[in-house]
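Scroll down for the structure; my scribbles are underneath it.
Numbering (UniProt numbering), first residue to last: 1 to 1101.
In structure tokens, the structure reads:
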């Protein structure tokens, strides 16, 4: 029989035993007044789940963000899985002792933490959705973030709704009182009636979790009786200590909805995070109790087998899941603190100290090169600073805070010697500034402040060295703004410089450029709804989180005017979030300020974001990052691409969506830290909250600020790419159906959201979707679910495989048969970087049926001679020299949209530098094995031979300065359908690459240029092959001389061999005599000596 136990396992004694006992204050109800633990009624899992979570007002009043016990995370915990119970085997866990149970597990197993919160129940003896009760409850969090509840619970409570308390749910240790003993006895009688304390009055037993009405109604009477008998047998079964703590369960004990969500028995115990989108109603789910055998995870079935399936829920086969590669998971891109300007300045200096040979060197050069380029080409920005400086008195001393875009610093230096100083926190950037000034013949002091421009003492020391103490007028100029205005440290840097100027020259008038800066916030709807034939609204859940415990910033840089195909709408007027008058810097406080922000709604929509932009002013001059759609006061779907300044809008995605109407007010709690950034949290209730499984990835190497890589958002705006792929897929499915006389089997390898596979399903194909990244697979599941009706109507079938790389798929184990069509889109900027070669090579050899098709089947890499002077336009417009910027941040390759920059192609047609047949990718050559087309040379990449290499030529059609080669690719989908990253293509998912020459050179019309291109499994390399004319002539003379020497050696060898043969014949050596009519033939000159033979193969790195 169950007894109330103390933490040490002894019987609890009133007035003697100490512990954390449930008391009156540990129960909260959604009704008015306090809950009486002795009159809780019949408690069970909330009915109508998960709709009740987002739609029920009483439940929200209890655990909503403004509820009586506000929760920051809610999840459903099943029974602990076997692997979760193993580490705590041998420990005793007792009913009603969740506090000590959770602490005991955390103390025994490293990495397990305690989660404080509440267990939430519905009173099942009251009408549905009316009364909910929360009980103070603790459980554990595993190292991977999953929740596990080890406290024994009634057998009929297969699932428990847990809510982590936003402010914690502490529980003090006390001596057991009589009231607490009565509460415990009552709860034990209710929850464990067959094993409760003797003599207790009968009370309502805990009720099982409710089933959907349709499931209960469809059950036959004999099935109901059989289930009741089985439950009684389970309750009467004798159990050991661990089994008593975690009651056993079988598939028959669960309702159909629970079975479909859980899948194999080992997954029944895993906590499930529900959301509004969590329910997938498949058209063809397995019947209860049906077991699958390996190799039959997706039975072909009759043609009436339509709809969608998640095979992870129906397959009994379990194979260890390997983590996906880092490049598929995420990076530090975006608004995260790990990628802000101050952080990369520190990385830049660390890279310089190591001679520019770190893993970050190339990325840093690209990042700073892009920042300079965008800043230089921002005409409005340069005009603002130029006119502001022109309005400053000639005798003013100018302190420039940071190199910025370089042009304002050069303008300040042109004011003359002794007219100012440039302060820069990065020693590397300070060196670039000195080179720029020297290149332009300017004398202007540069002081490095590596401690940071926001540190008052180091800034004061630097200013003291250059500012005359009797200066009467000081101007502080800065461009240290960010997308959110604050995060590059513009406020503390301005305050520190102002203080330093007044300390050095107390009587000076101190001005700032800009004088004021104001940050605005406005409610926004930024949502993707449809792409081609598909409803992709679930994808918007990926917009709902922009941070995690490691990431610093909660916003994301977005060009709101450049979101074609996305619903972007301003839902209300902008409101000032904060503002600073830098001329009054001594009055600026740098501490965090929290305020409630109320945004008025003037347009109907679904608010899921707050957009931030800022305006800087000096006198009558103004510069703003305000988007054009805000100026128009409306929305935009497919606005024309605007100019691209360095600064975007900072979009703070909220934790859900809210249906808003004209006259509504959106209430937010804003945290403003001038030293750092802005954070916001919506206080108004959401219509739909973000699913708990949406989270930004955390790794030892990085902490991402978005759940997925940013290019996924870009690809959802590329309607043309999907159209081309769709045409190719539909044609391939039709060809396969005509050839086979049945529905084709199609694999979408690396499916992402599953759009390509669903395109095949709309043509009536049997489709298998394969995705390795867990969160992306889950989102694919959601997108497939909302399109299930259209798929079933078109007699297609979509089956989602468990998360894995397609290269691990095995016929006969993971899938029953080979596929008739394999489609994939794992191409990146370089074409090969996401593994299209290993993906399609494995598919061709292991997964594709005889006569099957692969899309794509062939790749072509193009290179075209290019004149592109990145700094040329700015040099001409502003009459400055900027080659030091290029020298300071030189890269071999740059990702660019070439069409957006001033450029000129030097040949009319591109060079097809490489052609890769994905059906017959060359095997890996051995060391020294020739791999250069037409030449016996071995080209190496990354320390081993390339798969193949080729030298190609092109004739220059237009004389000009050859700066490099534009590089892009095309993927052949058959039937004339081509996906490409070409500059002129309307497909916008990929940029082009520019392979820069070490030194640009002039080329004349009619001149030939050559490129050497090679590739391995995941890289492409293109090199310019150029030898000056003098070197070519010298090399030709050397070859002629060597050829004459080899011919002479060959003749001497032939004479010697002939003489030897004649001597042998004269000696009567019959065995040595040649056959009649046969003459000795000397070997070729190349084979005359072993040395020459070895030189046939040359390794070139």
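Built from N, CA and C at the ideal position, the CB exists for glycine as well.
These numbers were taken from a predicted model, which means no experiment stands behind them.
{"Item": "Give every residue of the same chain whose Cβ lies closer than 7 Å to the Cβ of residue 787, excluding the five residues on either side of it in the sequence, and list them in chain order.", "Value": "534, 535, 758"}
{"Item": "Taking C-beta to C-beta, are residue 612 and residue 519 nearer than 8 Å?", "Value": "yes"}
{"Item": "On the three-pair Cβ rule with 8 Å, is the segment 485-498 touching the segment 393-402?", "Value": "yes"}
{"Item": "May I ask you to verify whether the segment 642-661 touches the segment 598-611, counting CB pairs closer than 8 Å and requiring at least 3?", "Value": "yes"}
{"Item": "Closer than 8 Å by C-beta to residue 714: which residues in its own chain qualify, once you throw out the five before and the five after it? Chain order, please.", "Value": "988, 989"}
{"Item": "If you follow the alpha helix (DSSP H) that residue 713 is in, where does it begin and where does it stop?", "Value": "711-715"}
{"Item": "With burial defined as no fewer than 16 other Cβ atoms inside 10 Å of the residue's Cβ, what is the status of residue 745: buried or exposed?", "Value": "buried"}
{"Item": "Along the chain, where does the alpha helix (DSSP H) that runs through residue 375 open and close?", "Value": "361-376"}
{"Item": "Hey, quick one: how far does the alpha helix (DSSP H) through residue 459 stretch, first residue to last?", "Value": "456-466"}
{"Item": "Between residue 993 and residue 830, which are expected to be in contact by the criterion C-beta below 8 Å, what is the C-beta distance as a whole number of angstroms?", "Value": "7 Å"}
{"Item": "Could you check what DSSP says for residue 1018 in three-state terms: helix, strand or coil?", "Value": "coil"}
{"Item": "Can you list, in chain order, the residues of its chain whose CB lies under 8 Å from that of residue 349, leaving out five sequence neighbours each side?", "Value": "426, 427, 428, 450"}
{"Item": "How long is the line joining the alpha carbons of residue 433 and residue 574, rounded to whole angstroms?", "Value": "38 Å"}
{"Item": "Could you give the distance in angstroms between the alpha-carbon of residue 5 and the alpha-carbon of residue 14?", "Value": "11 Å"}
{"Item": "Could you tell me the boundaries of the beta strand (DSSP E) in which residue 503 lies?", "Value": "Premise fails: residue 503 lies in the alpha helix (DSSP H), 490-504, not in any beta strand (DSSP E)."}
{"Item": "Can you tell me the Cβ-Cβ gap for residue 1109 and residue 1011, rounded? I've got them flagged as a contact below 8 Å.", "Value": "Outside the shown range of the chain, which is 1 to 1101, sits residue 1109, and nothing can be said about it."}
{"Item": "Measure the C-alpha to C-alpha separation of residue 360 and residue 341 and round it to an integer number of angstroms.", "Value": "14 Å"}
{"Item": "Can you pull the DSSP bridge partners for residue 423?", "Value": "401, 447"}
{"Item": "Taking just the CA atoms, how far does residue 947 sit from residue 928?", "Value": "12 Å"}
{"Item": "Applying the criterion that 16 or more other CB atoms from any shown protein chain within 10 Å of the CB defines a buried residue, is residue 19 buried or exposed?", "Value": "buried"}
{"Item": "For residue 1142, tell me which candidate among 81, 164, 146 has the shortest Cα-Cα distance.", "Value": "Since the first and last residues shown for the chain are 1 and 1101, residue 1142 lies out of range."}
{"Item": "Can you tell me whether residue 562 is helix, strand or coil according to DSSP?", "Value": "coil"}
{"Item": "For the alpha helix (DSSP H) that residue 839 lies in, which residues bound it at each end?", "Value": "836-842"}
{"Item": "So, under 8 Å CB-CB, residue 795 and residue 764 are touching, yes? Tell me the CB distance rounded to an integer number of Å.", "Value": "5 Å"}
{"Item": "Could you check the C-alpha separation between residue 592 and residue 679 for me, to the nearest Å?", "Value": "11 Å"}
{"Item": "In or out: residue 755 buried (at least 16 other Cβ within 10 Å) or exposed?", "Value": "buried"}
{"Item": "Just grab the DSSP bridge partners of residue 1111 for me.", "Value": "The requested residue 1111 is not part of the displayed model; the chain covers only 1 to 1101."}
{"Item": "Mark residue 17 as exposed unless 16 or more other C-beta atoms lie within 10 angstroms of its C-beta, in which case mark it buried.", "Value": "buried"}
{"Item": "Closer than 8 Å is the cut-off here; do at least three beta carbon pairs connect the segment 768-784 with the segment 716-723?", "Value": "no"}
{"Item": "Exposed or buried, what is residue 218 when buried is set at 16 or more other beta-carbons lying within 10 Å of its beta-carbon?", "Value": "Annotation note: pLDDT 37 at residue 218 (below 50); position unreliable, coordinate value reported separately. So residue 218 ends up on the exposed side."}
{"Item": "Give the straight-line distance between the Cα atoms of residue 151 and residue 810, rounded to the nearest whole angstrom.", "Value": "40 Å"}
{"Item": "Which stretch, first to last residue, makes up the beta strand (DSSP E) that contains residue 511?", "Value": "509-513"}
{"Item": "State yes or no: is the C-beta of residue 454 within less than 8 Å of the C-beta of residue 515?", "Value": "no"}
{"Item": "Apply the 10 Å Cβ neighbour rule to residue 379 and answer buried if 16 or more other Cβ atoms are within range, or exposed otherwise.", "Value": "exposed"}
{"Item": "When burial is assigned at 16 or more other CB atoms within 10 Å of the CB, is residue 143 buried or exposed?", "Value": "exposed"}
{"Item": "Mind checking who residue 36 pairs with in its DSSP beta bridge?", "Value": "Bridge partners of residue 36: none, in fact."}
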